[in-house]
Structure formats: C-alpha cells, structure tokens
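Each residue of the sequence shown is one higher than the one before, counting from 122 in the numbering used here.
The beta carbon of each residue, even a glycine, is placed where N, CA and C say it ideally should be.
No experiment lies behind these values; they were computed from the predicted model shown.
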Amino acid sequence: MVTFVERLQQIKTLDDVEVQMHRAKAYVMRLKRSAKAAETLQEKLDIGQQIKEAERVLRNMRRSVFDIEDAIMQGLPATSLVKC
Numbered sequence: 122m123v124t125f126v127e128r129l130q131q132i133k134t135l136d137d138v139e140v141q142m143h144r145a146k147a148y149v150m151r152l153k154r155s156a157k158a159a160e161t162l163q164e165k166l167d168i169g170q171q172i173k174e175a176e177r178v179l180r181n182m183r184r185s186v187f188d189i190e191d192a193i194m195q196g197l198p199a200t201s202l203v204k205c
C-alpha cells in the first residue's frame with residue numbers, strides 16, 4: 122500500500138503528478154477486481170479495508186492536485202504540502 126506521502130515523494134515534475142494519479146486509480150481498480158475474485162468472506166473484508174485506504178489516498182491526491190502543481194511551479198518539492 123502506497124500512502125499519500127509516499128506518492129508525493131515520487132512527484133518531481135508536473136508529468137509525475139498525472140503518473141501518480143493514474144497509478145493510484147489503477148491500484149484501486151486492481152483491488153476491486155481482486156475483491157470480486159476472493160473466495161472467502163474474510164478475504165473480501167480484508168481487501169475491502171485496503172480499498173478504503175487506497176480510495177482515501179486517491180481522494181487526497183485529487184483534492185491536492187492543484188496545490189501540488191503550484192508547489193512544483195514554484196520550485197518547491199511536492200512534499201512541502203505535508204504538514205508536520
């Protein structure tokens with residue numbers, strides 16, 4: 122599971138923003154497919170928790186995309202958006 126901060130650390134250029142958004146969305150879709158293929162209820166519940174976390178990361182990425190782009194344009198690292 123890649124967290125929001127880990128995704129931000131991988132962003133160096135404006136193109137990286139789109140790449141990370143695409144990867145986050147693909148990860149959510151991959152988890153949803155594996156949940157459908159899971160055989161036991163416990164597997165489905167575990168994957169459901171992973172889906173919930175992955176969707177939270179994707180939602181944060183979508184919410185912060187313009188701030189990330191602004192930071193990169195100003196020459197700041199994308200991780201400068203993270204509050205310590």
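- Q195 sits in coil when the DSSP states are folded into three classes, being neither helix nor strand.
- At least 8 angstroms separates the beta-carbon of V138 from that of V203.
- For L152, the enclosing alpha helix (DSSP H) begins and ends at 135–158.
- Between A175 and L197 a beta carbon distance of about 26 angstroms is seen, past the 8 angstroms cut, so the two are scored as non-contacting.
- In the three-state scheme derived from DSSP, where H, G and I count as helix and E and B as strand, T161 is classed as coil.
- Boundaries of the alpha helix (DSSP H) around V126: 125–130.
- Burial state of M182 is buried, judged by a 10 Å Cβ sphere holding 16 or more other Cβ atoms.
- Closest in alpha carbon position to T200, among V123, M122, L179, Q130, is Q130.
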